[in-house]
Amino acid sequence: MDDAMNDTPGTGKRRSRPQTDDRGRVDLKSMDRATLERFLVDDLGQTVNRARTVFQWIWQRGARNFDEMEGISKHLKRLLKERCTLSFLEPALVLRSVDGTVKYVWSLEDGHQIESVLIPEETRMTLCMSSQVGCAMACTFCLTGDLGLKRHLTVAEIANQALQVGRQLPEGERITNLVLMGMGEPLHNLPNLVPALDICLDDFAMKFSHRRVTVSTVGLVPKMGELAAALPVNLAVSINATTEEQRRQIMPITRRHSLEELVQACRDFPLPSGKRITFEYVMFRGFNDTLDDAARLFTLLEGIPTKVNLIPYNENPGRDLKSPLDADVKAFQHYFVSRGTACHVRTTRGIDISAACGQLGKGKEQAIARGWLEDARRIAGLSQ
Ligand code: SAH
1127 MDDAMNDTPG TGKRRSRPQT DDRGRVDLKS MDRATLERFL VDDLGQTVNR ARTVFQWIWQ
1187 RGARNFDEME GISKHLKRLL KERCTLSFLE PALVLRSVDG TVKYVWSLED GHQIESVLIP
1247 EETRMTLCMS SQVGCAMACT FCLTGDLGLK RHLTVAEIAN QALQVGRQLP EGERITNLVL
1307 MGMGEPLHNL PNLVPALDIC LDDFAMKFSH RRVTVSTVGL VPKMGELAAA LPVNLAVSIN
1367 ATTEEQRRQI MPITRRHSLE ELVQACRDFP LPSGKRITFE YVMFRGFNDT LDDAARLFTL
1427 LEGIPTKVNL IPYNENPGRD LKSPLDADVK AFQHYFVSRG TACHVRTTRG IDISAACGQL
1487 GKGKEQAIAR GWLEDARRIA GLSQ
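Quick note: to get this note's numbering, add 1126 to the position in the sequence shown (first position is 1).
Rendered as structure tokens:
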């Protein structure tokens, strides 16, 4: 490629709104590549190539400060120090489950806490990431819902979860899959989610394959198309029920977007060939666990390229909802599999450290009481 072409800044769409601190310094972590290229070219008089080198130092080599950035002139380092910052998440707690699951509790600058969960399996290493502090969706069964929405996470706070967990893995290990299934409703925070995922997917940054990144939603119908237009990632929909009435009882969002509207949006979703929508279905004993439910769900989803993910409910205090019986889960699964639809049961991971689905936000107290508290800074590899 000739130099002139290579020097065109921000060829991609400019997406992220950079964040500045009280001294007017801008957090480079809040910028996707197009935005950072523009900033370095327009505001700091640099070339696009130089901007890319800085971007790679940040997101591929995990630079903690500007001095570390070899191959960057003294002049530029000085400019960066004057005008920019690099934000990091502060680990408050790292909890390891007996099953290998690791829960990271991060303290944000304003004192709020969020969580990420690393789930090692035989063939993959999945990081479950948060998109908001709390959640506005108020699903009755979910603990994060109890918190209400405190605020959206920033671009940097979302992308830093993947960077920082990835950086502290032992030599030879890496995160293979990202799922936006932690705290929050990712489609409620699209303006920050999209640039953050852009950074996760970017070849000059974390280089995740779009096949291995999944965004899960309660069904914010108008935002589903927006996500598809912005990024080629996988979609998961927490369907959880098979009639309007049943879904309204546990997921208030159904009052705004009916089950019918949601299923239609899934039908209309521009799926690339070979991709399927994952339908998550939390199973509650005596509520949505019968073969009649299975049959209704099967009919609802007919014609949509589908994978069903059954999640046996993890019981939370203060609710009269119960976990399903194993036999009912198996029968439900069999209904789908015997009709040629992929259907997996999500095994509960990290239950001893409250890292399982719908248990995030349970807080430190319980973890400490259980004796799982470890030296978070050391384990997170962030003490150097
Ligand atoms: N807000 C998004 C992202 C969170 S994903 C969404 O709802 O899709 C969290 C998943 O865990 C959702 O499928 C949710 O239905 C499920 N879940 C929540 N609480 C649960 C619980 N107590 N037991 C099992 N699954 C739960």
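Glycine residues also receive a C-beta, built at the ideal position from the N, C-alpha and C atoms.
- In the three-state scheme derived from DSSP, where H, G and I count as helix and E and B as strand, CYS1483 is classed as coil.
- Counting only residues of its own chain and dropping the five nearest sequence neighbours on each side, LEU1273 has a CB closer than 6 Å to the CB of GLY1260 and GLY1487.
- Per the coordinates, the alpha-carbon of MET1251 lies some 33 Å from the alpha-carbon of THR1380.
- Straight-line measurement puts the Cα of ARG1151 at about 33 Å from the Cα of ASN1303.
- The Cβ atoms of CYS1254 and ALA1285 lie no closer than 8 Å to each other.
- According to DSSP, SER1242 shares a beta bridge with TYR1230.
- Between PRO1312 and VAL1341, the C-beta gap is smaller than 8 Å, which places the two residues in contact.
- According to the DSSP assignment, LEU1436 belongs to the beta strand (DSSP E) that extends over 1432 to 1438.
- Between the ligand SAH and ILE1430, a heavy atom-to-CB distance of less than 7 Å is absent.
- Beta bridge pairing from DSSP links MET1251 with PRO1246.
- Annotation: HIS1470 is outside any alpha helix (DSSP H); the continuous beta strand (DSSP E) that includes it extends over 1468 to 1471.
- Exclusion of the five residues before and after HIS1383 leaves GLY1345 and VAL1347 as the residues of its chain whose Cβ lies within less than 6 Å of its Cβ.
- PRO1348: member of the alpha helix (DSSP H) spanning 1347 to 1356, first to last residue.
- ARG1373 sits away from LEU1361, with the two beta carbons spaced by 8 Å or more.
- In this structure, ALA1457 sits near LEU1417, with a CB-CB distance shorter than 8 Å.
- In this structure GLN1186 does not touch ALA1282 by the C-beta definition: roughly 16 Å separates them, more than the 8 Å allowed.
- Bridge pairing for CYS1261: absent [DSSP].
- Excluding the 5 residues flanking it on each side, PRO1378 has same chain C-beta neighbours closer than 6 Å at ALA1264, in chain order.
- Of all alpha-carbon atoms in ARG1402, PHE1214, LYS1200 and GLY1310, the one lying nearest the alpha-carbon of GLY1429 is that of ARG1402.
- A distance below 6 Å between beta-carbons, with the five flanking residues on each side excluded, links LEU1323 to the following residues of its chain, in chain order: LEU1357.
- In this structure, the ligand SAH has no non-hydrogen atom nearer than 7 Å to the beta-carbon of PHE1413.
- Set against 7 Å, the gap from the CB of PRO1217 to the closest heavy atom of the ligand SAH is not smaller.
- Not one heavy atom of the ligand SAH sits closer than 7 Å to the Cβ of MET1350.
- The Cβ atoms of GLU1406 and ILE1376 lie no closer than 8 Å to each other.
- Counting of Cβ neighbours within 10 angstroms places ALA1160 among the buried residues, the total reaching 16 or more.
- Short of 8 Å from the beta carbon of ALA1262, and not among the five residues preceding or following it, lie these beta carbons of its own chain, in chain order: GLY1274, LEU1275, GLU1311 and HIS1314.
- Distance from the Cα of LEU1319 is smallest, within the candidate group VAL1180, MET1350, ARG1472 and TYR1461, for MET1350.
- Secondary structure of VAL1224 (DSSP, three-state): coil.
- Classified as buried, GLY1476 has 16 or more neighbouring CB atoms from the shown chains inside 10 Å of its CB.
- In terms of side-chain proximity, the C-beta atom of SER1342 is found nearer than 7 Å to a non-hydrogen atom of the ligand SAH.
- Within 10 angstroms of the beta-carbon of GLY1226 lie fewer than 16 other beta-carbons, which makes it exposed.
- The beta carbon of PHE1395 sits no closer than 7 Å to any heavy atom of the ligand SAH.
- A straight line joining the alpha-carbon of GLU1247 with that of ILE1479 spans about 17 Å.
- Contact between the region 1287 to 1296 and the region 1225 to 1242 is present: 3 or more CB-CB pairs across the two stretches fall below 8 Å.
- Relative to the non-hydrogen atoms of the ligand SAH, the Cβ of GLN1372 never comes closer than 7 Å to any of them.
- Under the rule that a run must span 3 or more residues, the beta strand (DSSP E) segments found entirely inside the region 1358 to 1409 read 1360 to 1364 and 1403 to 1409.
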